[in-house]
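Worksheet: the structure to be examined is printed underneath.
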Amino acid sequence: MATKPMRIRAAVKDGVTEVKALIAHEMETGQRKDANGAVIPAWFITELTATHNGKLVLSSEFGTAISKNPYLAFRFKGGAAGDKVAISWKDNKGESRTDEAAIA
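Per my numbering, numbering through the sequence shown is continuous, rising by one, with the last residue being 148.
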């Protein structure tokens, strides 16, 4: 299933880069039921990483407690206007996505 691109914004101020991302994903827990009473299968992000010019700056594990279309914000030291920040995720169904943005 194709997923929508993440909305990523990154800006540097005083040597610290702040990244904000809105991640399009259903994040189903596997505990809800549909209108017919059938269990909706679990479908959620399990791993998320962020890189700055190819160097890992964030590594995290997600689970079923994360809401649909999660918002993520983090900071790291370094970065300059025009540098690339990429965010990648993998989910429990084996799907993955990577999107990137330039630091403003």
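All C-beta atoms in this analysis are idealised placements derived from N, C-alpha and C, irrespective of residue type, glycine included.
{"Asked": "Along the chain, where does the beta strand (DSSP E) containing residue 52 start, and where does it finish?", "Found": "51-57"}
{"Asked": "From residue 23 to residue 127, what distance separates their C-alpha atoms?", "Found": "Nothing about residue 23 can be reported from this structure: the residues present for the chain run from 45 to 148 only."}
{"Asked": "Is it the case that the segment 94-111 contacts the segment 59-73, given that we only count it when at least three CB pairs across the two stretches are under 8 angstroms?", "Found": "yes"}
{"Asked": "Write down every uninterrupted run of the beta strand (DSSP E) in the segment 101-133 whose length is 3 residues or greater and which is fully enclosed by it, in chain order.", "Found": "115-121"}
{"Asked": "Can you give me the Cβ contacts of residue 125 inside the same chain, cut-off strictly under 7 angstroms, excluding the 5 residues immediately before and after it?", "Found": "56, 147 and 148"}
{"Asked": "Check residue 69 in the structure and name its three-state DSSP category.", "Found": "coil"}
{"Asked": "Is the beta carbon of residue 72 closer than 8 angstroms to that of residue 91?", "Found": "no"}
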